[in-house]
Structures are given as C-alpha cells and as structure tokens.
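Going letter by letter, the sequence shown gives residues 1 to 313 in the UniProt record's numbering. Worksheet for the structure shown next.
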Amino acid sequence: MARAIEVSAGVSAIIPTWNRRELVQRAIDSALAQTHPVDEIVVVDDGSTDGTETALHARYGALMGTRIVYHRQENAGVSAARNAGMAIARGRYFALLDSDDLWRPEKTARQLEWMEAHPDFGMALCDVVRVDADGRPYDVFRRRDVLIEDGWVLRWLLLNPSLVPASAMFRREVFERCCGFDVALRTAEDIDFHLRVARRWKIGVVEAELVEAMRGHDGLSAEASTYDDYVKVVERAVADAGDTVDVTAKREALAITYARNARGMLIRKRWRDAWRLWRAALRQAPDAASRRQAWALLPFAAKRFSAALLGRG
C-alpha cells in the first residue's frame, strides 16, 4: 500500500545524485541559501559508492532528517531517482535540482511568486546560465527564445523541447498526473517529461537567470542512444498531440527533429542512420524554408565523410 503523504503548502527541492559527493553539497548549499526557504530538500542517492551519505551527515549534521531528507536506493538511473524523490516529497510545489547544478538565491522566491499569481498554470521555467567545469559562464539559455508566449506551448516545444530540469518548478498535481519521468528512457527523459507536461498543462516563463547549469564535465548526452531517444520522444509527442497541434506544425517539428539528429548521427559516423533521417526530414518538411534547412546539412555531411575517409574524424 502506498504511504500517505501529508502535503505541506511549501516547496520541495528534489536532488538526485550518483557519485557526486562534492558537487551535490554545492547543490544543497544553493537550495539552503534561497531567500524564500524551501520546506525540504529531498536528496535521492542513486547507489553512490563514493561516500556521499557519510559526507552529507558530516557536513549537515542536525539538518539531516529534518530540512534535508536523505533517501538511498539501488542504482536505477536519474529518472527513477527523481521519481522516488517526488514520491517522498511533501511540498505543494516541486523544484528539481540536478546535483551538478546550482540555484541562484532568488530562484524559489521568483518562481513561487509567479506560480501563485497563475493558478491555472502547471509549471514555471526560468533562464539558465551554462557554466563549464570550473564554474565559468559561457552561454545563457533564454527560455523566451523558444517559448514566445506563456500558456499552451506544446506547438513551440515540439520545435525545441530542451529542458534544464533545475529550471523548473511545478505543482504536485503535474507529477501525479504525468507520472514523472519515463524510466525506460536512458536519455531524453527530460524532454519527454517536458512534452508530456505541455500537453496537459499551461507553462510560463520567469525571464531571469536563476540557475547555473554545469556542462561538459560528464553526463549521458554523449551516449550513442541520445539521438535515437530524442527522435523517439518527439515522434511519440507528435502522435499524442492529436488535434491540439495542426498538421503543418507537426510536420515542421518532425522535419527539424530529423535534420537535427541526422547531424548528430554524422558526428557519430552512423552514416546509414544519418541518411535515413535526412530523407525523412525532406519528406516531412512542410515548406521551402524547412527543406532548405535539410539541404543545408549536405555540406556538413560531405565534410564529415571526407574527414572519416582521410582518418581525421
């Protein structure tokens, strides 16, 4: 029988971690430093072997078991860890924080204020500063560049479903209705969750840089399955969209997805798969502009293929 949760009115931070003993402490510190305090910080240790539990008890002492809820499980992947954290969490609002990312101090306050002012919205996002392994900023992911308006945004997300989980705050009901992250996906689980939420809930943007996301130090984004999972997720979202997105927009989303991932296949030297996706992009392209984007891939393909033949790439 499922354990009954006594829901609080506040915010639960959900931090999955695996063998990031030092980094996860930075993430926890950023959650503790919020100008609007989070009610609880749920840390899900996904089978770490680097002494994470001992380090957290040594650093946070009496906070462990009170403000910080520590849960250890056998290694099952980030999706299972996030889902476990949300199942444990007591807050009315959930805010995800990957263990290699940081929240800036106003993050909780700004997003909570926005959510309270928009009771018919399920999720609020914010801008993300991308930093390297040394914490140096090199880029900003501005959500408004993708989501040009607040509300029913699935049409725009299908074109670029990228999600930095640490940038999201959403209502408990979103998790309960969407059933969390798909544990069957090795990668692209974040964009899959994003698209499923967008089909059922309005999404808005707080236009402020409230998260620092570390990139390039590790992670699953370089795995061979990344492109396959991305394509599968978008194809599924297009099929599930039904009449909520018009046919032209769905074809454009598929064409962009196929062309984008054909490029990735070329980088991986998966020539046959790249060729298949490129042809699919041309078939789906709803207009001349979309077809030009697909054709623009050819010079890159020729360069990659030539480099491979010469042993340079």
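Positions of the beta carbon are idealized from the N, C-alpha and C atoms, including for glycine.
Local Cβ density within 10 Å of residue i, reported as buried at 16 or more and exposed below that
i, result
"residue 99", "buried"
"residue 7", "exposed"
"residue 191", "buried"
"residue 269", "exposed"
"residue 299", "exposed"
"residue 221", "Low per-residue confidence applies at residue 221: pLDDT is 49, beneath 50, and the placement is therefore not dependable, though the value from the model is reported in the following sentence. Per the 10 Å Cβ criterion, exposed."
"residue 167", "buried"
"residue 248", "exposed"
"residue 233", "buried"
"residue 120", "exposed"
"residue 131", "buried"
"residue 38", "buried"
"residue 179", "exposed"
"residue 134", "exposed"
"residue 49", "exposed"
"residue 60", "buried"
"residue 1", "Its pLDDT being 35, under 50, residue 1 is placed unreliably by the model, and nothing is read from it."
"residue 45", "buried"
"residue 22", "exposed"
"residue 174", "buried"
"residue 149", "exposed"
"residue 139", "exposed"
"residue 287", "exposed"
"residue 203", "buried"
"residue 66", "exposed"
"residue 267", "exposed"
"residue 177", "exposed"
"residue 309", "exposed"
"residue 189", "buried"
"residue 296", "exposed"
"residue 89", "buried"
"residue 257", "buried"
"residue 108", "buried"
"residue 304", "buried"
"residue 136", "exposed"
DSSP bridge partner residues for residue i (one or two, in chain order)
i, result
"residue 137", "131"
"residue 12", "40 and 94"
"residue 265", "DSSP output for residue 265 lists no bridge partner at all."
"residue 45", "17 and 72"
"residue 171", "93"
"residue 151", "203"
CB of residue i within 8 Å of CB of residue j, strictly
i, j, result
"residue 43", "residue 24", "yes"
"residue 272", "residue 207", "no"
"residue 164", "residue 156", "no"
"residue 259", "residue 265", "no"
"residue 161", "residue 82", "no"
"residue 14", "residue 125", "no"
"residue 129", "residue 212", "yes"
"residue 294", "residue 302", "no"
"residue 186", "residue 225", "yes"
"residue 255", "residue 238", "no"
"residue 291", "residue 285", "yes"
"residue 127", "residue 235", "no"
"residue 40", "residue 91", "yes"
"residue 51", "residue 71", "no"
"residue 105", "residue 33", "yes"
"residue 340", "residue 193", "Because the chain here runs from 1 to 313, residue 340 falls outside it and cannot be looked at."
"residue 195", "residue 159", "no"
"residue 183", "residue 80", "yes"
"residue 214", "residue 101", "yes"
"residue 93", "residue 26", "no"
heavy atom of the ligand COA below 7 Å from residue i C-beta
i, result
"residue 161", "With respect to the ligand COA, the structure offers nothing, as it holds no ligand at all."
Evaluate contact between the segment 234-244 and the segment 184-199, counting only Cβ atoms and requiring at least three cross-stretch pairs below 8 Å. yes
Any chance the segment 109-118 sits against the segment 64-84, with 3 or more Cβ pairs inside 8 Å? no
Alpha helix (DSSP H) runs contained entirely in the segment 64-125, provided each spans 4 or more residues: 78-88 and 107-117
Any alpha helix (DSSP H) of 4 or more consecutive residues that is wholly inside the segment 181-237: 189-200
Can you list the alpha helix (DSSP H) stretches of 4 or more residues lying completely in the segment 262-310, in chain order? DSSP runs (the alpha helix (DSSP H)) wholly in the segment 262-310: 271-284, 288-295 and 297-309.
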